[in-house]
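With the first letter of the sequence shown counted as 1, position 16 gets the number 16 in UniProt numbering; the numbers rise by one all the way through. The C-beta atom is built at its ideal place from N, Cα and C for all residues, glycine as well. Model, not experiment: these values are computed from the prediction. First comes the structure, then the notes that go with it.
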Amino acid sequence: QSLLHEKPYHNEPSFEQDDGSGDIQRYNDKILHETVRVAVCDVMEDTIQNRATSSNGVSPIFQHTRRQLFLMYHERYLHEVQRMSERNDIRDGTQFKKMPFECANNGMSGSFQWTKLRTRLGKLHATLMSEIDDWRRQGAEQTSLLKAHHDAAVNSCIHYLRQQEDRIRHEMPEGASIGADETNACVWVATIFGPSETLWDGGMFQVEFIFPPDFPEAPPFVHFLTSMFHPHINSQGVPYLRTLVIWKHADPKEKTISALVGQLISLLTVEPSPEPATHLNNTAADLHFSRSDDERKEYKRHVKRCVQRSMDM
């Protein structure tokens, strides 16, 4: 309930007004800290360790959703931790202030530990990327077996992609092409041509798809290889794609490779959403949605540089 209000202090009965004590901001500060500590770090550690039971109520059912969201938002988490750690009033070791409405059995106690949070976030991201590297390695090994005609030893992902390869190519949306790596059937690269009459016109943008051994039950890892500057794409090239987030419950028609490429094209043709939850690059979002003409022009200059770099690759 508290997290549904930008100043949750005011949700408490009799605390609707600002009394000038500064407690409103202090309450927000510790909510942010504990959200990253518990809802992000604790939950993701339970997810990665595949714990069947968890004090945080983590269910294995949503493991793909949590993994995808973490890879999308990782940079935002780090940005917030870094921003907060630079404040002198809430340095590492500073105790949380007890709010007037908190009590022993209903409150947040503890201290700010930004350095530990930063370390945990880094380890979580490294672990997830290591898993994806394992997919790539397994894909190369499986492809070698396939070339040696050991089809029976090849996993279901390879068989699925082989069976669907012609269909995938045939169903590619206009303005895009795709193909598998010759040495790795689980790694595909799509090329998206910048849509005409958009800021991205004239560019050629490469996107890598890395498929897990249990694809299509689990979603692929998707990221731009080409440098992008877009509110819905983080600096590591990971895009905000709703289908990847809700993979288990998405419409089967949206879970095809051609549909995913179509969604990537839409990122470049449709105006970015103002919804903050979809913003993975805060700098790009701030410039694009700025009321300042100069800042909006700066956004366009960034995009133009991306287009130029894409042609130089």
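Classify residue i: buried if its beta carbon has 16 or more other beta carbons within 10 angstroms, exposed otherwise.
i	result
Arg242	exposed
Thr127	exposed
Val222	buried
Ala277	exposed
His33	buried
Thr115	exposed
Met228	buried
residue 314	Look at the range of the chain in this structure, 1 to 313, and you will see that residue 314 is not part of it.
Thr183	exposed
Gly179	exposed
Ala285	buried
His64	buried
Gly194	buried
Cys103	exposed
Gly20	exposed
Gln142	buried
His249	exposed
Asp92	exposed
Val303	buried
Val148	The sequence as given places Ala at residue 148; Val does not occur at that position. With fewer than 16 other Cβ atoms within 10 Å, it is exposed.
Pro231	buried
His150	exposed
Pro272	buried
Thr226	buried
Val38	exposed
I'd like to confirm the pairing. Which residues does DSSP put opposite residue i in its beta bridges?
i	result
Met204	Phe193
Asn233	Looking at the sequence provided, one finds Ile at residue 233 rather than Asn. His230, Pro239.
Asn106	Cys103
residue 328	The structure shown has nothing for residue 328, since the chain only spans 1 to 313.
Phe209	Trp188, Val222
Gln95	Ser111
Helix, strand or coil for residue i, going by three-state DSSP, please let me know.
i	result
Phe224	strand
Val270	coil
Tyr62	Here residue 62 is Phe; the residue named in the question, Tyr, does not match the sequence. Three-state DSSP puts Phe62 in a helix.
Gln163	helix
Arg87	coil
Thr256	coil
Thr198	coil
Pro8	helix
residue 324	Beyond the ends of the chain as shown, which are 1 and 313, falls residue 324; an answer cannot be given.
Glu217	coil
Asp251	coil
Ile158	helix
Pro276	helix
Asp151	helix
Phe70	helix
Gln17	coil
Quick one: give me the first and last residue of the alpha helix (DSSP H) that residue i is part of.
i	result
Ala126	114-147
Ala285	282-288
Gln33	Going by the sequence as given, residue 33 is His instead of Gln. From DSSP, the alpha helix (DSSP H) with His33 extends over 23-34.
residue 329	The structure shown has nothing for residue 329, since the chain only spans 1 to 313.
Glu45	43-48
Since residue i is in the beta strand (DSSP E), which residue starts that stretch and which ends it?
i	result
Ile178	176-181
### Query
For the 8 Å Cβ check, are there 3 or more pairs between the segment 115-126 and the segment 134-143?
no
### Cβ contact check for the segment 234-248 and the segment 68-75: 3 or more pairs under 8 Å
yes
### Query
With contact counted as at least three CB pairs below 8 Å, one residue from each stretch, are the segment 18-33 and the segment 79-87 in contact?
yes
### Task
Could you say if the segment 161-171 and the segment 105-119 meet the contact criterion of at least three C-beta pairs nearer than 8 Å?
no
### Query
Does the segment 210-217 come within contact of the segment 146-163, defined as at least 3 CB pairs closer than 8 Å?
yes
### Query
Is the segment 258-271 touching the segment 176-192 in the sense that three or more CB pairs, one from each, lie closer than 8 Å?
yes
### Message
Three Cβ pairs or more, each shorter than 8 Å: is that satisfied between the segment 250-258 and the segment 167-176?
### Response
yes
### Query
With a cut-off of 8 Å, do at least 3 Cβ pairs link the segment 296-313 to the segment 201-210?
yes
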